[in-house]
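Protein chains: 2
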Amino acid sequence: MANKTQTTAHATQPPVDNGNCDLPRNTLSLFGTDSHMGATIYFDQNSEIYGENEPADYVYKVLSGTVRTYKVLNDGRRQVGAFYLPGDVFGLEIGDEHTFSAEAITDSSILVVKRSAVIAQAARDNGVARELWAATARELRRTQDHLLLLIKNAQERVAAFLLEMADRSQAGGAIELPMSRQDIADYLGLTIETVSRTLTHFETAAAIELPRSRRIVLRNRSVLNKLNA
Amino acid sequence: MANKTQTTAHATQPPVDNGNCDLPRNTLSLFGTDSHMGATIYFDQNSEIYGENEPADYVYKVLSGTVRTYKVLNDGRRQVGAFYLPGDVFGLEIGDEHTFSAEAITDSSILVVKRSAVIAQAARDNGVARELWAATARELRRTQDHLLLLIKNAQERVAAFLLEMADRSQAGGAIELPMSRQDIADYLGLTIETVSRTLTHFETAAAIELPRSRRIVLRNRSVLNKLNA
DNA sequence: CGACCATTTGATATGGATCAAGCGATGTGG
DNA sequence: CCACATCGCTTGATCCATATCAAATGGTCG
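Keeping their order, the protein sequence lines are chains A and B.
With positions in the first sequence counted from 1, the corresponding number in the numbering used here is that position plus 108.
With positions in the second sequence counted from 1, the corresponding number in the numbering used here is that position plus 108.
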């Protein structure tokens, strides 16, 4: 794990409240009920979980909070690779180093498991091996979808983002966004201004409501779906 | 395999000449020396190897020729997912269906192996299981790199493409492109006009030479590398 | 209350798309 | 063997979506 991490993370006891951490998606049985393999670590908002090019010695699962992975290009621009919500696994690499950095977007509790332990388990149990493969394949699928997003126009990208978040946080209609406009912009390959304008446009078109900047109510999904098609 | 494929492909004897098919990259031992597991099939230029959403019953390895995978969006635009050169494995999915379509860019000979055979082998031999995982992880890495390309400007995208092709075809300085400008444009998320203009610009800047439209000589890599950083 | 930061809104600039025409290689039929 | 059609590529002119630059607004915390 990153050096920087140690300075900001609080390695304390497992959380009392980790309510919505049993989503079916992106879960490894390795992280299942018998979690004696890993430790729960708390990360403060904006603290680094690991950095690009650091050794990938651990695999992570979000118990609560939200995580972003990202890469900073030579010209200083940042590309967010993914957002990880409770239940999601991230940081699983086959190479020895992380290809993206990871940070907690909000205060987060993260289950951390030694990668070597996971791989050793996979060597013994080919069900585990298959799950490891499946998790990587899911990540591949997600990345392909993300790639397809980046060739669309601004409205289509933002609509897709809203629908994705609504779906993943399964909060029927209303989304509480943990991430900033900058995070969204860097995920969608747009500027914050364009994201903001597009949201305003959707609000004007009565497709969404924006009671607060981080709270979005989907009013007319078919409008968004049409853009998403 | 696709129905359409049967009409265009020639299932004939293995090729006499499959010179450069033993690249270290993206190879599965499953496709190694004892290839009794698979059959070699010939595909004519522009013939379909498989279609999006078709059952992913086979895994493929390019012996000679070049393959493109792609997806057509609802608005008719096409995104090329990848180009596969001799030695490359493609079509490996964890779901039951292909997420992209695949076509031969030039007349190609392709080694085809039943997916179920590969998976059965993986269940017995965890070295094979690990390779299966590694192949998917490599594909993930490639897709991540491709995604990062799409947020760059036109010059950077074209430079990256040229360097990638030069590297992969290891033809020291001169590249013989098997794909059209349209293929390149659809891979890079640009139009053919922009690709063409950018190449002309690189030629004017003495970074490349264009003796023929499909032949590109890299004259000054550092210029291209600077853009690629 | 006032400072600060995130977000929105406004005005302008620009890179690449679009529309349109020209060019060069390849192949075909007279 | 040469006109001519065709196709892939290049070049030119213009337009437009989104970036950029700049300022206003609003929510949060001391």
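Here a beta-carbon is modelled for each residue, glycine too, at the ideal position from N, C-alpha and C.
From a predicted model like this one, the values you see are computed outputs, not experimental measurements.
Once you ignore the five residues that flank residue i on each side, which residues in its own chain have a CB closer than 6 Å to its CB?
i, result
"E264/B", "L335"
"L258/A", "G297"
"R276/B", "L193"
"A268/A", "L257 and N336"
"E317/A", "V325 and R327"
Using a C-beta cutoff of 8 Å, does residue i count as contacting chain B?
i, result
"N182/A", "yes"
"E205/A", "no"
"L258/A", "yes"
"L255/A", "yes"
"T302/A", "no"
"A242/A", "yes"
"R329/A", "no"
"I202/A", "yes"
"E247/A", "yes"
"G146/A", "no"
"K222/A", "no"
"G280/A", "no"
"P132/A", "Because the pLDDT at P132/A is just 38, under 50, the model does not fix this residue reliably, and the point stays unresolved."
Going by the beta-carbon positions, is the gap between residue i and residue j smaller than 8 Å?
i, j, result
"D291/B", "Q187/B", "no"
"L326/A", "L285/A", "no"
"T174/B", "F151/B", "no"
"L248/A", "T251/B", "yes"
"A245/B", "I227/A", "no"
"G184/A", "F208/A", "no"
"T306/B", "V266/B", "yes"
"R176/A", "M273/A", "no"
"A337/A", "N328/A", "no"
"A147/B", "V220/B", "yes"
"M145/A", "A225/A", "yes"
"R320/A", "A282/A", "no"
"L255/B", "H254/A", "yes"
Closer than 7 Å by C-beta to residue i: which residues in its own chain qualify, once you throw out the five before and the five after it? Chain order, please.
i, result
"P163/A", "D204 and E205"
"G199/B", "Y158, A164, Y166, V167, Y168, H206 and A210"
"I300/B", "R289, Q290 and A293"
"C129/B", "Note that C129/B has pLDDT 35, beneath the 50 cutoff, so the model's placement of it is unreliable and the number below is only indicative. Closer than 7 Å at Cβ, skipping near neighbours: L171, S172, P194 and G195."
"R223/B", "A164, D165, Y166 and V167"
"G235/B", "none"
"A262/B", "L298, T302 and T306"
Quickly, what does DSSP pair residue i with across the bridge? List them, please.
i, result
"E187/B", "Strictly speaking, residue 187/B in this sequence is Gln, with Glu absent from that position. Per DSSP, K179/B."
"G173/A", "In the DSSP output, where bridge partners are listed per residue, G173/A has none listed."
"A147/B", "V220/B"
"I324/B", "I283/B"
"A210/B", "Y158/B and T177/B"
"L198/A", "The amino acid occupying residue 198/A in the given sequence is Phe; Leu does not appear at that position. F198/A pairs with Y168/A."
"I316/B", "L326/B"
"Y192/B", "V175/B"
"E205/A", "P163/A"
Taking 8 Å as the threshold (beta carbon to beta carbon), is residue i in contact with chain A?
i, result
"P122/B", "Legend: pLDDT at P122/B = 37, less than 50; position of this residue unreliable, no value from coordinates given."
"Q229/B", "no"
"N154/B", "no"
"G297/B", "yes"
"E162/B", "no"
"E333/B", "Note that residue 333/B corresponds to Asn in the displayed sequence, not to Glu. Answer no: the Cβ-Cβ gap between N333/B and chain A never drops below 8 Å."
"T88/B", "Given a span of 109 to 337 for chain B in the structure shown, any question on residue 88/B remains unanswerable."
"K169/B", "no"
Might you give, ordered along the chain, the residues of its own chain that have their beta carbon closer than 8 Å to the beta carbon of residue i, omitting 5 neighbours on each side?
i, result
"Q278/B", "none"
"K179/A", "E160, R186, Q187, G189, T207, F208 and S209"
"E311/A", "E317 and L318"
Exercise for the section: Entirely within the region 255-286 of chain A and at least 3 residues each: give me those beta strand (DSSP E) ranges in chain order. Expected result: Counting only runs of 3 or more, we get 282-284.
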